[in-house]
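Just so we're aligned: 108 in UniProt numbering is position 108 of the sequence shown, and the numbers increase by one with no gaps anywhere.
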Amino acid sequence: MSPTLSDDDKAELLLSCRYGDLEDVQAFVTTHGPSPLAEIRDDNGNSVLHMACANGHLELLDYVLPLIPATLLSTQNSSGSTALHWAALNSQLAVAQKLVQHPNGAKLDLIDIKNKAGLSPLGEAENAGWEEGAKWFVEVMNLDPAGSEQIDEEATLDSEDGSRRDIEVEIEDADGKIAKMTISGNSAKPTTSEFTES
Numbered sequence: 001m002s003p004t005l006s007d008d009d010k011a012e013l014l015l016s017c018r019y020g021d022l023e024d025v026q027a028f029v030t031t032h033g034p035s036p037l038a039e040i041r042d043d044n045g046n047s048v049l050h051m052a053c054a055n056g057h058l059e060l061l062d063y064v065l066p067l068i069p070a071t072l073l074s075t076q077n078s079s080g081s082t083a084l085h086w087a088a089l090n091s092q093l094a095v096a097q098k099l100v101q102h103p104n105g106a107k108l109d110l111i112d113i114k115n116k117a118g119l120s121p122l123g124e125a126e127n128a129g130w131e132e133g134a135k136w137f138v139e140v141m142n143l144d145p146a147g148s149e150q151i152d153e154e155a156t157l158d159s160e161d162g163s164r165r166d167i168e169v170e171i172e173d174a175d176g177k178i179a180k181m182t183i184s185g186n187s188a189k190p191t192t193s194e195f196t197e198s
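See below:
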């Protein structure tokens, strides 16, 4: 980190990210370069991504993402929450989508990271009562049938006539809530979801 950065400079950057002040962040990068964006944290370990994502600042996120290392996407604060947790907690769907769809987002399995409370971003969305976000997280989760211990050995994706068939998936979160989803064999995309208490 640049030795010329004062505590005030760092605090101003974090506030600019929190409030979505793109021009101030651009001026900071012009003056100090992009590397401090990845290094600066507040007293709780929150990064510039935490601040921008919690408050839904897409334009700022578009500017910052190419300037930071991909590892910052999975950086956890002192509570173990990532920027994606904060986006979920604050019902920021477009931000959550941008993080997960970032070229390195899925590779880092951002959706699966749990904070110190034992919650994934899906769990945070459910706790916040954010059904739209919870549904979206379930739809984009990495479902690896090869690694699943509960897969039916006779289940196949193809029916007897060679056409693809639909698969129903149930996922239980840490609070015992069950998300049911049908994955269409024709599109391999989720077509329905519902949440129930077990």
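The beta carbon of each residue, even a glycine, is placed where N, CA and C say it ideally should be.
Annotated as distal: residue 35 and residue 41, with beta-carbon spacing of 8 Å or more.
For residue 42, there is no enclosing alpha helix (DSSP H), as DSSP marks it with neither H nor E. Where residue 121 is concerned, the enclosing alpha helix (DSSP H) starts and stops at 121 to 127. With respect to residue 77, residue 55 sits apart: the two C-beta atoms are not nearer than 8 Å. Following the DSSP letters along the chain, one finds residue 51 inside the alpha helix (DSSP H) bounded by residues 48 to 54. Residue environment analysis places residue 133 among the buried positions, since at least 16 neighbouring C-beta atoms fall within 10 angstroms of its C-beta.
Taken through DSSP and simplified to helix, strand or coil, residue 180 comes out as strand.
In this structure, 13 is the residue among 13, 33, 32 with its C-alpha nearest to the C-alpha of residue 24. In this structure residue 92 is buried. Its beta-carbon is surrounded by 16 or more other beta-carbon atoms within 10 angstroms. Residue 88 is not a Cβ neighbour of residue 59, given a cutoff of 8 Å. A straight-line Cα-Cα distance of about 12 Å links residue 64 and residue 102. Looking at the DSSP output, residue 131 shares a beta bridge with no other residue.
C-alpha of residue 136 to C-alpha of residue 73: approximately 19 Å in a straight line.
The Cβ neighbour count for residue 37, taken over all protein chains shown within 10 Å, is at least 16; the residue is labelled buried. Within the DSSP secondary-structure output, residue 68 pairs in no beta bridge.
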